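4 protein chains.
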Amino acid sequence: MGSNMAQHLMNKGHQLVVYDVFPEAMTALADKGALIAQSPADLAQRCDRIISMLPTCSHVRQVYCGDNGVLSGVKTGTLLIDSSTIDPNTSQEVCRASQAKGAVFLDAPVSGAVPAARAATLTFMVGGNAAEVEAIKELLLCMGKNVIHCGAVGSGAAAKICNNMMLAIGMVGTSETLNLAKRLGLDPKLMTQILNVSSGRSWTSEVYNPVPGIGENLPAGNDYKGGFMTQLIAKDLGLAQSAATRVNAPTPLGTLSHQLYRLMKNNGYATKDFSSVYKFIQELEDKK
Amino acid sequence: MGSNMAQHLMNKGHQLVVYDVFPEAMTALADKGALIAQSPADLAQRCDRIISMLPTCSHVRQVYCGDNGVLSGVKTGTLLIDSSTIDPNTSQEVCRASQAKGAVFLDAPVSGAVPAARAATLTFMVGGNAAEVEAIKELLLCMGKNVIHCGAVGSGAAAKICNNMMLAIGMVGTSETLNLAKRLGLDPKLMTQILNVSSGRSWTSEVYNPVPGIGENLPAGNDYKGGFMTQLIAKDLGLAQSAATRVNAPTPLGTLSHQLYRLMKNNGYATKDFSSVYKFIQELEDKK
Amino acid sequence: MGSNMAQHLMNKGHQLVVYDVFPEAMTALADKGALIAQSPADLAQRCDRIISMLPTCSHVRQVYCGDNGVLSGVKTGTLLIDSSTIDPNTSQEVCRASQAKGAVFLDAPVSGAVPAARAATLTFMVGGNAAEVEAIKELLLCMGKNVIHCGAVGSGAAAKICNNMMLAIGMVGTSETLNLAKRLGLDPKLMTQILNVSSGRSWTSEVYNPVPGIGENLPAGNDYKGGFMTQLIAKDLGLAQSAATRVNAPTPLGTLSHQLYRLMKNNGYATKDFSSVYKFIQELEDKK
Amino acid sequence: MGSNMAQHLMNKGHQLVVYDVFPEAMTALADKGALIAQSPADLAQRCDRIISMLPTCSHVRQVYCGDNGVLSGVKTGTLLIDSSTIDPNTSQEVCRASQAKGAVFLDAPVSGAVPAARAATLTFMVGGNAAEVEAIKELLLCMGKNVIHCGAVGSGAAAKICNNMMLAIGMVGTSETLNLAKRLGLDPKLMTQILNVSSGRSWTSEVYNPVPGIGENLPAGNDYKGGFMTQLIAKDLGLAQSAATRVNAPTPLGTLSHQLYRLMKNNGYATKDFSSVYKFIQELEDKK
């Protein structure tokens, strides 16, 4: 993800300084002209715009606030842009710590996954004040095609986890609907066509159909390899659940989808694409 | 529903014979030239194409197979078209009884609800053999704009309940997503825009948004009056559940949506539009 | 199940006439003195009290109302006792057909499973009028230790499926509670002791604990072999769901438990004891 | 809760120093001989054994670690006993802060609610090392009848939220089972008797039955007033959910019970006893 984004920034003429805990991730970029930092703190001393892409809340906290973290080296006025998918609370916490150092922090998670990162067609959902969002727009548009200002810091993260919760609900729902249709004697392809001209249509039935052989070039047609892994959507659903618990919002289907993806993780589907829920719920005789 | 459909058939020049348990429902049609039957059996003796639109499985069974029912008066070769939303099993059962009398039965439930019935833009999902479907197409197109052949008898009903199960999942999911977004500080209108350009979009977020003030001319903006009542989608979800139990298909989100609409029915929402689930899950302070 | 029950009746001095679709099931009983019938109708002509134990509603319908069924041979005044676990609706339907032939039908499903059948400690939940229940009590007490009169015909079946729905909820709930405790660092055995002196206790935590090594002589300690199979509780939960849908009763946890057991059936647990839900929800690293 | 516990300690001859944000809560105790502290810090300077009972994690953090908190006045070697129901994580966090000040922190939440506090029959679930637990046992037994050592610090809290999650599952499950039984024509009192001699029994069916008129002196018989409020069990279920998300444990029924209690909170049941879920799921006609 990160290396695709870095590549596009370099293609647009930006000089990069990069840091990753895996040195080999940096070598490829260095070969193309990027400079290598020794630590997040070192990187912060050498840059005035910093973009991070990390797997979890605790990584974000450590990279920004830990020993040798970004904030221990950051210069006044630096623009800090975190594109990780994390809890809005963590974004707000790191934002406060950044302000104490005179830096500006924005959350800017992306939608679109690896293919969109490769094609520079990501959508950025950004939390921060309007002027700050304006200031980073040019940079983000090197890597994507849409920048949506969602509100104050944390709202980019909030929008991302809300969208992904709905995505999971759509995927589980479409999968169980097409499986039920099949069991009732309907061809899933025909049922998909009916959904897509009816009130049951969604992004999942139209663009990312979970049944093998309906869409083209999808994980469903490749034994659910590649794509958006079950363990990753389970993580995003966990973020949504924590946030929902904190703000007292009932999310019955989001919560149940979370449970299902957690069960799938525990039953051999962790690294399969999240559309493999179609297979998980399928009857034994239909699984081949 | 039925009277709108009858009206369009008359507009296209068809001479109707009508029957309803509520005499006043027939008077309006009689004023415009329809003849009135004394019973379903009487109607069957006078017509060779019959269309029924009834609320539940047991009504369908009674109207066709009961005393003075259609089948006690039906002529050989009559085309029987049932547009009720019922269990596929019941369609198949009535079909067998019809064949024993030499008549042809097809299930042809509709999507689009009352507004589409009024505008003659219904979609018919038809179960029957190809030649029979062809034979009734002209008649259906007087009342709608799409005729989809789904497979053998019962498959129209199956497609209808599958679509409506997914519709309910989309509605509950979109409602909880927009409510969570609001609780996290995002404007539901902005969140809707984000969903609609992202992987979380569905018919519900785009066309029939449950948040007051986002879509135009929707029940959400009119205190959830009109539209598709909670008690009706609860009924359709019950049909989906019975069918899923019979064919051993897991439907976790469909099942939970069914439970939620049943709870709503028991807590004052029975006659509200089904998008009122947004209000049902809302926090007390947000309900005004 | 049935052969254990038959054995106890013979032990108490009753002369039996038996019928089973599998001839070998009858041979063992014949060796001990039972007579063999050629069909349910034949059996009905030779007996004035008949007990049936069958797997599903359609078997019950066929054995009583089918060709060569009990009702085609039944004598006036015969007491018909069905101990199958079926939908209350089916019991009532067969009851009406029996009355039309002058026979008396009662539903009398059992709780206690095979070990209780073997030990003659079954509990019978009986639906019928008080005098009829009194009339069959002596017979039932040959095979069990409790006879509970639940109400009119069908209420024995209703009580049985209600109890089993709650049993499933208790089993899934206890399993997820003990798994959560374990993940939080508590010993499941200690957590069981705490539950059992607290408000979280249930039959499942006390008598039929799902964690290997806590209870004695349980399926949990034998790789979940033997016991009450996942596919059988899934069937009972399906009966509960159909009944709940018919009478408009919300059963959120019963419904979700049904879905989980259905998913287990489709993922390799069909013939495991129903306490294997503990394993199904366990984290991969904990499964060994 | 707290004042009942304090009373028992005084009855057993202990001299108390008390602190509460509501002065009137202290007056009653002062009238009976307790001394009044000016702040948690003041109290800490005057005592070597301190017991706290607080509503949420953030209250615990503030009372111990905030300005004028216990830890700003605590003496070396003081035994700190927190009986609040909170997240195990918070207990561990406050424990570490206590150790840094040379004090000993144990979590010791209770089961039994107000009636047990009044009767001094609470059960304490304690996290800490064995010697420390031994050291506080005499004090806890002034207020309760059981002290269970659950493991390291945080395990008392873990045991409490696990038990309460199972309690909620039992309550919702028993309620929907008894409501389904009623709809199928069974008397809920008879169904309760059947459950209680069968595999569907639980603390909820035996001791705290949700149906009005079955148990004696229960909230169910008093329009669900008093008892354990919906908003409090919703809080405990939120703690269980956060913990389950953190440790990746699937809790499908616990999660759904959480959602239901959250929905009840938003629909007029916030201050009703948690057994009012029976009323929430009841059909409109049955609610009277």
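These protein sequence lines are chains A, B, C and D, in that order.
With our numbering as the guide, the letters of the first sequence map in order to residues 1 to 288.
With our numbering as the guide, the letters of the second sequence map in order to residues 1001 to 1288.
With our numbering as the guide, the letters of the third sequence map in order to residues 2001 to 2288.
With our numbering as the guide, the letters of the fourth sequence map in order to residues 3001 to 3288.
No residue lacks a Cβ here, since even glycine has one placed at the ideal position from N, Cα and C.
Being a predicted model, the structure only gives us computed values, none of them experimental.
Which of helix, strand or coil DSSP assigns to residue i
i	result
Arg1201 (chain B)	coil
Asp48 (chain A)	coil
Gly1268 (chain B)	coil
Met1125 (chain B)	strand
Val153 (chain A)	coil
Lys2032 (chain C)	coil
Phe3105 (chain D)	strand
Ile1281 (chain B)	helix
Asp1082 (chain B)	strand
Val1017 (chain B)	strand
Ser3098 (chain D)	helix
Asp1087 (chain B)	coil
Asp286 (chain A)	helix
Ser3003 (chain D)	helix
Ser2039 (chain C)	coil
Met1229 (chain B)	strand
Ile3214 (chain D)	coil
C-beta neighbour in chain A for residue i, strict 9 Å
i	result
Gln3259 (chain D)	yes
Gly3238 (chain D)	yes
Gly1173 (chain B)	yes
Buried versus exposed, by CB contacts within 10 Å (16 or more), residue i
i	result
Ala220 (chain A)	buried
Leu284 (chain A)	exposed
Ala3240 (chain D)	buried
Phe2022 (chain C)	exposed
Glu3093 (chain D)	buried
Thr1076 (chain B)	exposed
Lys2287 (chain C)	exposed
Asp2048 (chain C)	exposed
Gly127 (chain A)	buried
Asp3107 (chain D)	buried
Gln99 (chain A)	exposed
Val3211 (chain D)	buried
Short CB-CB distance (under 9 Å) between residue i and chain B
i	result
Asn3267 (chain D)	yes
Ser39 (chain A)	no
Glu3283 (chain D)	yes
Thr2085 (chain C)	no
Met125 (chain A)	yes
Thr204 (chain A)	yes
Within-9 Å CB hit, residue i to chain C
i	result
Lys299 (chain A)	Chain A is shown only over 1 to 288; residue 299 (chain A) falls outside these bounds and no answer can be derived.
Ala1249 (chain B)	yes
Arg3201 (chain D)	yes
Thr3090 (chain D)	no
Ala244 (chain A)	no
Whole-angstrom C-beta distance between residue j and residue i, which should lie under 8 Å
i	j	result
Met3165 (chain D)	Thr3204 (chain D)	That pair is no contact at about 13 Å.
Lys3101 (chain D)	Val3060 (chain D)	Actually they are not in contact, since the Cβ atoms of Lys3101 (chain D) and Val3060 (chain D) sit about 16 Å apart, beyond 8 Å.
Pro3188 (chain D)	Leu3195 (chain D)	With 8 Å as the limit, Pro3188 (chain D) and Leu3195 (chain D) do not qualify as a contact, their Cβ atoms being about 10 Å apart.
Thr2078 (chain C)	Ala2044 (chain C)	7 Å
Gly226 (chain A)	Glu1176 (chain B)	At roughly 29 Å, the Cβ-Cβ gap does not stay under 8 Å, so Gly226 (chain A) and Glu1176 (chain B) are not in contact.
Lys2160 (chain C)	Pro2109 (chain C)	4 Å
Ile3281 (chain D)	Asn1266 (chain B)	7 Å
Interface flag, residue i vs chain D, CB-CB below 9 Å
i	result
Asn2209 (chain C)	no
Leu2184 (chain C)	yes
Leu2232 (chain C)	no
Bridge partners - residue i, DSSP secondary structure assignment
i	result
Asn2146 (chain C)	C:Thr2123
Val3110 (chain D)	D:Phe3124
Asp273 (chain A)	A:Met229
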